[in-house]
Amino acid sequence: MENKALFNKYDKVQHLKTERTDWTIRVRAQAVWKGINRMTQEFRGLNVIFIDDSNSRIHAFLSAKICDLFPKPPKEGGIYSLSNFHVRVYSDDEKNRAVRFSKHIYFANHTQLILEEDNITNIAPYAFDLYELNDVKKFVSDSRFLIDVVGIIEDCNMKCVRSREDESKMHIKFRITDGRSTVNVTFFNTLAEDLEKELKNMKEEPVTIIIASAKVNEHEGALCLNNYPATRFYLNNDHYSVKIMKERLLDPTFSIKEKVAEEGNAPPIFTVADIKKLPKEYTESKVRCQITVKKVEQKTNWYDYVCTSCGEEVDIVEGRYKCLKCVRNIPYPDRRFRLATICNDTTGILAIVFPDDEIQRILGKNAFDVADEVGDDMTFPLVLKSFEKKELLVTLKIGERNLNKSSNIYTAIELNDPVESLGNHSPKKLNLPK
C-alpha cells in the first residue's frame, strides 16, 4: 500500500494540462543546456528535457530572471521532484523543438525542485524518439523539430578539423548507417571535440551512436545532421536500439564498410546528353555519369566562406560576415571548397560543381591548408587545376532548377574512379518522348 501511495503521489507527463499549476512530477533530467540570444549573446535561461517513469518526455524552461531562486538548478542525470509549474502549449511557429510533445513546462517563482536520493520509480537513464535514417529527409522541410537517430559509424578514424583563423572553432565529419540508409553528420566545436576524445577511448568496434536532438540540414544537395545546443550523443549505449543494430551486423547482407552498390540499388549511369533531357520525375534523384574534367574554372571563387554553426554560406553585411540563417555575425567563418568545372563525355558538355567533402577526401587537405600553400587569395591553386583531364564517375543530385532549365549548373555529391569497363553498367537509354 505504501508503494502504491508513492506512485499515486506523482502526476504523469502525458496527463499535464494548462488549466492548473499544482502538478507534481518525478522526472530525470536527460539533457540540460543554456539558452543564449544569438544576436546579443545574452543568457536567456536553462532548457531541460525531463523524462518520467513512462518514458514520456517534456521540455522545460527556467528563465534567467528567476534562476537565482534555484541555487541548485537541474543537472543532467539527476532525478527530481518538480512541483507547482506552468504548462503551456507550443505555438505552430516555434522551431527546433527537442521534444515532439505538444506541451512544455515553465518554471515559476513558486516552483519547487527537489533532488531525489533514489530511483524508486525506476526512471530510465534515457528516452529517445528514434527515426529511421531514410526518414531524415522529411525534417529538411519541417523545421519545427530536431531528430533522434541511431546508426553505426562507418569509419571511426576521424579527427577534428580546426579553423586556421580561430583555434576554438572546429568540426568533425563522419557518416552513419543503419544497414539500409547512410547519412552524413558534422559536429561543430565542443561536441566535435568530445566525440573525438570518446572515440579514442572506444575499445569495442563497430561503434554504434545514438544522436539525440540533431538538426537536419541539406548541404550541396546532400542531407546532413548537425549539432544544436540540445544535441547529445551516446556511444555503444545499452539502449535496446543499439542491441537491434548489433543484431543487424549478423545479417550477411549488412555491411558497415562502403562498397559498390548492386546494380538494382546504385544510381543509374546516364550520358551527358540524356541527363540534360531527364523528365521531372527525376527531381531530387541521384544519377551518375562518367565524364572527363575538361576545364576547372579559375574566374570563380574556389571556396566559400561558411557559418561555423550551421555550415551555410555567409553574406557580407556592412563589411562583416553574417549568417542570415543563424541571424548573427560570424567573425571567423570557415572555408569550404567550391570547385566549378566544365566536364564532358562523347555526347555533350556539363557544368558541375564539385563538393567540399569529396575534394578534401581526394586531396587530403582542407580549404585552409590549400590557401596557406598558395599564400594569397588572388592566385588560383595548382592542386585544384590538377583535376583537369581526370576521368571520374560523378554522382549528381538533380535539382528542380536543372529540370525546368532555369539552371544548367549541376551539383556533384560523390566523385569516384571511373568504371574501367562499363559492361553491364553502360549508360542507360532514356525512353523520352519524341
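Note that the sequence shown covers residues 798 to 1231 in this note's numbering. Ideal Cβ positions, reconstructed from N, Cα and C, are used throughout, including at glycine.
Next on the checklist: Between which residues of its own chain and A1137 is the CB-CB distance below 6 Å, once the five residues before and five after are set aside?
Outcome noted: E1094, T1097 and V1150
Checklist entry - So what's H1036 in DSSP terms, helix, strand or just coil? => result coil
Checklist entry - How would you write the range of the beta strand (DSSP E) that R841 sits in, first residue to last? => result F840 to I848
Checklist entry - How should E839 be labelled, buried or exposed, when 16 other C-beta atoms within 10 angstroms of its C-beta is the threshold for buried? => result exposed
Checklist entry - In three-state DSSP terms, what is Q811? => result helix
Checklist entry - Under 7 Å, do L813 and V884 count as touching if we go by C-beta distance? => result yes
Checklist entry - L988 by DSSP, collapsed to three states: which one? => result helix
Next on the checklist: Give me, in chain order, the residues of the same chain whose beta-carbon lies closer than 6 Å to that of D975; leave out the 5 immediate sequence neighbours on both sides.
Outcome noted: L930 and G948
Item to check | Contact the stretch 1026-1039 vs the stretch 999-1006: 3+ CB pairs below 8 Å | outcome: yes
Item to check | Three-state class that DSSP yields for K1074 in the structure shown | outcome: coil
Item to check | Local Cβ density within 10 Å of M1254, reported as buried at 16 or more and exposed below that | outcome: Residue 1254 lies beyond the range of the chain shown here (798 to 1231); nothing can be said about it.
Checklist entry - What's the call for I1088, buried or exposed, on a 16-neighbour Cβ count within 10 Å? => result buried
Checklist entry - Based on the DSSP secondary-structure assignment, which residues constitute the bridge partners of K1157? => result The sequence as given places Gln at residue 1157; Lys does not occur at that position. None, per the DSSP bridge assignment.
Checklist entry - DSSP on E1110, reduced to helix/strand/coil? => result strand
Checklist entry - S853 lies in the beta strand (DSSP E); which residues open and close that run? => result Note, S853: premise wrong, no beta strand (DSSP E); not H, not E.
Item to check | Local conformation of D1214 per DSSP, three classes | outcome: coil
Checklist entry - Using 8 Å as the threshold, is the stretch 1127-1134 in touch with the stretch 1147-1165, meaning 3 or more CB pairs across them? => result yes
Item to check | Range of the contiguous beta strand (DSSP E) that encloses K1119 | outcome: R1117 to C1120
Item to check | Touch test, the stretch 1124-1131 against the stretch 1188-1204, Cβ-Cβ under 8 Å, three pairs minimum | outcome: no
Checklist entry - With V937 and L1020 assumed to form a contact (beta carbons below 8 Å), what rounded beta-carbon distance in angstroms separates them? => result 7 Å
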